[in-house]
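My numbering numbers the first residue of the sequence shown as 7 and each following residue consecutively.
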Amino acid sequence: TVDRLSDLEKLSVVGHGSSGTVYKVRHLRTNSLFALKVLRFGPNAADARRQAAREADILTRVDSPLVVRCHGVLEGGGEDRLCLVMEYMAGGSLHDVLRARRRLPEGLIAGVAGRVLEGLRYLHGMGVVHRDIKPSNLLIGSHGEVKIADFGASRVVAAAMGPSSGGGDDACAGTCAYMSPERFDSEGFGDSGGFAGDIWALGVVLLECFVGRFPLVDAGERPDWATLMCVVCFGGPPAVPDAASPEFRSFLGRCLEKDWRKRGTVGELLSHPFVAKCCSTEGLVEDTFHT
Ligand code: ADP
Ligand code: MG
């Protein structure tokens with residue numbers, strides 16, 4: 007573990023998000039690379055402080071090759087911030103990969119699906135609902151490993167991990183773009199526990215990888231809350247292009263089932279033929295690394 011901020015040298019900024027800045031850093035004594043996520047909250051921002059503590063709490067309890075690892079939580083650098091030392095993911099995020107390549111072939115999409123589902127099986131198994139599955143929160147290692155990151159909107163909903171670290175609800179903590187129908191509807195959401203919402207979001211992400219842009223609104227349209235609420239809650243199931251294979255269409259249909267009670271579960275989807283034949287995700291980094 008890394009226990010002092012002064013042991014780290016900032017090399018560059020690798021990401022900006024809603025909650026702070028992520029730096030690529032070097033550990034001076036060992037020369038190893040880490041990512042340092044600095045969560046800033048104003049001196050009086052009790053909510054942001056609670057959210058940061060929740061993120062740190064979940065990150066330090068999870069231990070899986072499918073989830074980005076946390077090597078320390080540091081309070082240095084001022085009263086109004088918390089720093090998370092994480093394993094550095096050299097391939098950036100799936101959002102970066104999509105920006106560079108626009109679309110992915112089905113084989114790679116199946117690989118991403120398999121990895122994220124395995125990660126969700128692990129998280130859901132310990133009562134953690136991610137609640138913000140989207141391309142920028144799926145990180146890629148130097149060999150194409152896919153890991154789930156960013157627990158800034160997550161909740162612990164089961165007793166498995168002890169007292170809930172939940173709190174006042176924020177229906178739209180991250181972006182609403184990947185939110186499931188039941189999450190727009192506060193009543194249905196309560197019953198679902200939120201697990202099915204992670205599956206919906208994964209379906210939207212995989213469809214986005216296939217069509218090359220955010221798939222639920224027309225090109226150029228802003229996916230704002232009201233537009234999305236109409237499309238997701240009152241529209242038909244998201245359209246899948248004809249070019250998709252029958253297995254992929256069937257898989258997406260199970261993820262993007264509007265009624266969360268009928269939606270595919272992690273267990274069912276992991277044995278679906280689309281991911282059962284799935285393959286390595288090594289190809290995710292070929293472009294970024296061999297140029
Ligand atoms: P936010 O809560 O602000 O969205 P994230 O944890 O999602 O913060 O990080 C924001 C961005 O920073 C990510 O989309 C990714 O591009 C980059 N990033 C975050 N963590 C890492 C990491 N461990 N390794 C490499 N890049 C990272
Ligand atoms: Mg994020």
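Backbone N, C-alpha and C define an ideal beta-carbon position, used for all residues, glycine too.
Burial state of residue i, where buried means 16 or more other Cβ atoms lie within 10 Å
i, result
"residue 35", "exposed"
"residue 207", "buried"
"residue 204", "buried"
"residue 156", "buried"
"residue 268", "exposed"
"residue 278", "buried"
"residue 173", "Below a pLDDT of 50, predicted positions are generally treated as unreliable, and residue 173, at 40, falls in that range; no measurement from the model is reported."
"residue 220", "buried"
"residue 165", "Because the pLDDT at residue 165 is just 48, under 50, the model does not fix this residue reliably, and the value given afterwards should be weighed accordingly. Exposed, by the Cβ-count rule."
"residue 175", "Because residue 175 sits at a pLDDT of 48, beneath the cut-off of 50, its placement in the model cannot be relied upon, and the point is left open."
"residue 140", "buried"
"residue 15", "exposed"
"residue 138", "buried"
"residue 170", "Confidence is the limiting factor: at residue 170 the pLDDT is only 42, short of 50, which leaves the residue's position unreliable and the question unanswerable from this model."
"residue 236", "exposed"
"residue 12", "exposed"
"residue 153", "buried"
"residue 240", "exposed"
"residue 297", "Per-residue confidence for residue 297 stands at a pLDDT of 41, beneath the threshold of 50, marking its modelled position as unreliable; no derived number is given."
"residue 18", "exposed"
"residue 225", "exposed"
"residue 113", "exposed"
Residue i CB to nearest heavy atom of ligand 1 below 8 Å
i, result
"residue 128", "no"
"residue 22", "yes"
"residue 41", "yes"
"residue 28", "yes"
"residue 48", "no"
"residue 33", "no"
"residue 93", "yes"
"residue 136", "no"
"residue 145", "yes"
Distance cut-off 8 Å: residue i Cβ against heavy atoms of ligand 2
i, result
"residue 97", "no"
"residue 142", "yes"
"residue 63", "no"
"residue 225", "no"
"residue 158", "yes"
"residue 318", "Residue 318 lies beyond the range of the chain shown here (7 to 297); nothing can be said about it."
"residue 183", "no"
"residue 155", "yes"
Residue range of the unbroken beta strand (DSSP E) whose run includes residue i
i, result
"residue 154", "152 to 154"
"residue 272", "Premise fails: residue 272 lies in the alpha helix (DSSP H), 272 to 276, not in any beta strand (DSSP E)."
"residue 280", "Segment 279 to 282 is the alpha helix (DSSP H) holding residue 280; no beta strand (DSSP E) there."
"residue 144", "144 to 146"
"residue 18", "14 to 22"
"residue 31", "26 to 33"
"residue 78", "76 to 80"
"residue 46", "39 to 46"
Boundaries of the alpha helix (DSSP H) in which residue i is found, first to last residue
i, result
"residue 92", "First-last for residue 92: 87 to 93, but that is the beta strand (DSSP E), not the alpha helix (DSSP H)."
"residue 211", "201 to 217"
"residue 130", "112 to 131"
"residue 103", "100 to 107"
"residue 59", "52 to 67"
"residue 233", "231 to 235"
Cβ-Cβ separation, residue j to residue i (assumed contact under 8 Å), whole Å
i, j, result
"residue 104", "residue 272", "Wrong, their Cβ atoms sit about 23 Å apart, outside the cutoff."
"residue 48", "residue 86", "6 Å"
"residue 78", "residue 8", "4 Å"
"residue 4", "residue 150", "This structure gives no information on residue 4, because the portion of the chain shown stretches from 7 to 297."
"residue 291", "residue 199", "With 8 Å as the limit, residue 291 and residue 199 do not qualify as a contact, their Cβ atoms being about 35 Å apart."
"residue 281", "residue 116", "6 Å"
"residue 260", "residue 275", "6 Å"
"residue 129", "residue 68", "7 Å"
Minimum Cβ-Cβ distance from residue i to chain D less than 9 Å
i, result
"residue 185", "Chain labels in this structure do not include chain D; a single protein chain is all it has."
beta-carbon residue i near ligand 4 non-hydrogen atom, thresh 8 Å
i, result
"residue 119", "Ligand 4 is not part of this structure, which contains only ligand 1 and ligand 2."
### Query
Taking three-plus beta-carbon pairs below 8 Å as touching, is the stretch 268 to 288 in contact with the stretch 134 to 153?
yes
### Message
For the stretch 41 to 52 against the stretch 120 to 137, do three or more pairs of beta-carbon atoms, one drawn from each stretch, fall closer than 8 Å, so that the two count as touching?
### Response
no
### Task
Count the CB pairs spanning the stretch 55 to 63 and the stretch 156 to 163 that are closer than 8 Å, and state whether there are at least three.
yes
### Query
Is there contact here, the stretch 236 to 254 with the stretch 213 to 225, by at least three beta-carbon pairs under 8 Å?
yes
### Sufficient close CB pairs (3 or more, under 8 Å) joining the stretch 217 to 237 to the stretch 180 to 189
yes
### Query
Taking one C-beta from the stretch 67 to 77 and one from the stretch 86 to 93 each time, how about it: are there three or more such pairs within less than 8 Å?
yes
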